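Numbering of the sequence shown is given in UniProt numbering, commencing with residue 1 and proceeding in unit increments. All residues carry an ideal CB built from backbone N, CA and C; glycine is no exception. Owing to the predicted nature of the structure, the values given are computational and were not obtained by experimental measurement. Have a look at the structure below before the remarks.
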Amino acid sequence: MPERYGPWDRVYDLFRRWQRNGTWARIVDQLQAQADAKGLITWDVNVDSTVCRAHQHAAGASKRGICKRSRPVALPSNRPTTVSDVPEAG
Numbered sequence: 001m002p003e004r005y006g007p008w009d010r011v012y013d014l015f016r017r018w019q020r021n022g023t024w025a026r027i028v029d030q031l032q033a034q035a036d037a038k039g040l041i042t043w044d045v046n047v048d049s050t051v052c053r054a055h056q057h058a059a060g061a062s063k064r065g066i067c068k069r070s071r072p073v074a075l076p077s078n079r080p081t082t083v084s085d086v087p088e089a090g
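What follows is the structure in C-alpha cells.
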C-alpha cells in the first residue's frame, strides 16, 4: 500500500464502509451509465444450457447394501436425572 494512502487498516476500513453503504455499487452504476451513453458497452446476453450431472452417490443418494447399524450410535445424554425428569407412574 503506498504511504500516501495511510495505514492499510484505515484504507481497508474505508473500503468496507463504502462496500456496506453502497458507495461502490453507485460508482459502478454511474460508470456503466456513462460508458453506455458513449456506446462503449455492448449488452449481449449468452445463455448456456449445458447440463452436468453428478453420479448418484455424489448427490447423496442412499447406498444399497450398507447396514444402518454400522453407523456410529449417538451416546446417551450424561445429564443428571432430576425428579421433574422422571415420568409419573400411573
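Pull up the distance between the alpha-carbon of residue i and that of residue j, whole angstroms please.
i	j	result
Arg10	Trp43	37 Å
Arg16	Ile41	28 Å
Trp24	Gln34	15 Å
Arg26	Ala37	16 Å
Cys52	Ala58	13 Å
Val28	Gln56	42 Å
Pro2	Leu14	15 Å
Trp18	Pro7	17 Å
Ala54	Tyr12	40 Å
His49	Gly39	The question names His, yet the displayed sequence has Ser at residue 49. Straight-line Cα distance between these residues: approximately 29 Å.
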